[in-house]
Amino acid sequence: MTVALVTGAGGAIGRAIALRLAEAGYDLALVDLDETAGADTARLVEAAGRSALFIRADVTVANQVEHFVAEAETRLGPIAAFANNAGIEGTIAPIHLFPDEIFDRVQSVNVRGVFLGLKHVLARMIPRGAGAVVNTGSTSSIRGRAGLAAYVASKHAVLGLTRVAALEAEGTKVRVNAVLPGPIESRMIRSLDEIARSRGSQVQRAGSARYGRPEDVAVAVAFLLSDSAVHINGAALTVDAASTVP
73 MTVALVTGAG GAIGRAIALR LAEAGYDLAL VDLDETAGAD TARLVEAAGR SALFIRADVT
133 VANQVEHFVA EAETRLGPIA AFANNAGIEG TIAPIHLFPD EIFDRVQSVN VRGVFLGLKH
193 VLARMIPRGA GAVVNTGSTS SIRGRAGLAA YVASKHAVLG LTRVAALEAE GTKVRVNAVL
253 PGPIESRMIR SLDEIARSRG SQVQRAGSAR YGRPEDVAVA VAFLLSDSAV HINGAALTVD
313 AASTVP
């Protein structure tokens with residue numbers, strides 16, 4: 073069997089990625105802190121005809137990350153594809169008013185969580201000389217957004233980690249890329265919209281008049297994880313309907 077690991081698998085984008093990879097023939101190890109949402113994704117993967125293993129875990133805790141990577145390989149087999157997708161949005165506030173504890177929590181999930189996922193998955197992929205990783209960044213990885221200091225800082229860091237990991241994996245036949253979604257219809261964007269509306273503003277966007285779909289991101293992730301992208305390493309693929317075009 074060919075095995076993929078997806079973190080943040082209970083969210084809209086994580087679920088869409090999992091189902092797209094199931095369609096592509098992967099069996100799935102699925103990780104989320106939300107047990108109900110993660111288990112629901114596992115049931116949908118199984119309904120699509122693939123094996124699914126759900127593991128409840130916190131991606132910010134090193135021994136939990138080490139455990140779910142080991143458990144996935146013990147139960148399903150070597151991880152061939154890793155969608156390093158878990159992330160949170162935080163809140164909207166100017167830097168001089170931004171709550172310290174929320175800033176720290178966003179960095180913990182979005183940066184430390186991505187780092188730990190890379191650390192423990194690459195420790196297995198690189199010695200085998202096979203595997204592909206896609207980190208979920210954001211168009212906030214390459215632009216600023218007023219009021220989103222924690223999120224923007226964290227997503228810039230995700231892109232930096234992607235580039236470092238790609239260089240470190242070069243020559244091993246392991247690839248590390250990033251996908252950079254613009255606003256996608258999901259719980260996260262609805263939460264940010266609600267916060268913005270409550271403060272008499274709106275989440276900034278440009279380009280497309282509509283939000284993207286989780287499936288739009290899933291298609292890009294599945295491509296970057298596939299053998300069709302064998303010569304793509306260290307790339308950042310925007311999925312944003314031209315919102316970041318100058």
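For the working numbering, add 72 to where a residue sits in the sequence shown, where the first one is 1. No residue lacks a Cβ here, since even glycine has one placed at the ideal position from N, Cα and C. All figures in this text were calculated on a predicted structure; none of them were measured in a lab.
**Local Cβ density within 10 Å of A292, reported as buried at 16 or more and exposed below that** = When all chains shown are included, A292 counts as buried.
**Prompt:** Within 10 angstroms of its Cβ, does P171 collect 16 or more other Cβ (buried), or is it exposed?
**Reply:** P171 should be labelled exposed.
**Message:** Looking at A222: is its Cβ nearer than 8 Å to the Cβ of I174?
**Reply:** The answer is yes: Cβ separation under 8 Å.
**Item:** Alpha carbon of G216 to alpha carbon of Q179, nearest angstrom
**Value:** Inter-residue distance for G216 and Q179 is about 16 Å (C-alpha atoms, whole angstroms).
**Prompt:** Does the count of Cβ pairs from the stretch 192-207 and the stretch 144-159 closer than 8 Å reach three?
**Reply:** Contact between the stretch 192-207 and the stretch 144-159 is present, because at least three Cβ pairs lie under 8 Å.
**Prompt:** Can you tell me the Cα-Cα spacing of G306 and V248, whole angstroms?
**Reply:** Whole-angstrom Cα-Cα distance: 6 Å.
**Prompt:** Residues in its own chain within less than 8 Å of I85 by CB, not counting five upstream and five downstream?
**Reply:** Shown here for I85: same chain residues with a beta carbon closer than 8 Å to its own, the five before and five after excluded, namely N157, T208, P253, I256, S258, P286, V289 and A290 in chain order.
**Reference F187, options G232, H168 and D99, closest by Cα** = Per the Cα distances, G232.
**Request:** Give the range of the beta strand (DSSP E) segment to which Y283 is assigned.
**Result:** Y283 -> no beta strand (DSSP E), and no H or E assigned at all.
**Request:** Assign F140 to one of three DSSP states: helix, strand, or coil.
**Result:** In this structure, F140 counts as helix in the three-state DSSP scheme.
**Prompt:** From the DSSP output, which residues share a beta bridge with A94?
**Reply:** Bridge partners of A94: none, in fact.
**Asked** Which class does L125 belong to by DSSP, given the choice of helix, strand or coil?
**Response** Strand.
**Asked** Where does the unbroken alpha helix (DSSP H) through L231 begin, and where does it stop?
**Response** That run of the alpha helix (DSSP H) goes A221 to A241.
**Prompt:** With distances taken between CB atoms, is the gap from V181 to V251 smaller than 8 Å?
**Reply:** Contact: no.
**Request:** To the nearest angstrom, report how far apart D312 and A119 are at their CA atoms.
**Result:** Inter-residue distance for D312 and A119 is about 30 Å (C-alpha atoms, whole angstroms).
**Request:** Could you check which residue in L93, A225 and R87 has the C-alpha nearest to that of F295?
**Result:** Cα-wise, what sits closest to F295 is L93.
**Message:** Quick check on DSSP: helix, strand or coil for P150?
**Reply:** In the structure shown, P150 sits in coil (DSSP, three-state: anything other than H, G, I, E or B).
**Asked** Mapping DSSP to helix, strand and coil, what is V183?
**Response** Helix.
**Request:** Could you tell me how far apart the beta carbons of I164 and G219 are, in whole angstroms, since I believe they sit closer than 8 Å?
**Result:** Beta-carbon to beta-carbon, I164 and G219 are separated by about 4 Å, close enough to satisfy the 8 Å threshold.
**Request:** Have a look at A101 and E95 and give me their C-alpha separation to the nearest angstrom.
**Result:** Distance between the alpha carbons of A101 and E95 is about 15 Å.
**Message:** Using a Cβ-Cβ cutoff of less than 7 Å, which residues in the same chain neighbour E242 once the five nearest sequence positions on both sides are dropped?
**Reply:** Same-chain partners within the cutoff: N305.
**Item:** Alpha-carbon to alpha-carbon, T132 and V75
**Value:** Rounded to the nearest angstrom, the two C-alpha atoms are 23 Å apart.
**Request:** Answer with yes or no whether the minimum CB distance from V131 to chain B is below 8 Å.
**Result:** The structure shown has no chain B; it contains just one protein chain.
**Asked** Got a sec? Which residues, its chain only, sit under 6 Å from F126 by beta carbon, not counting five neighbours each side?
**Response** The residues are L102, G110, A111 and A114.
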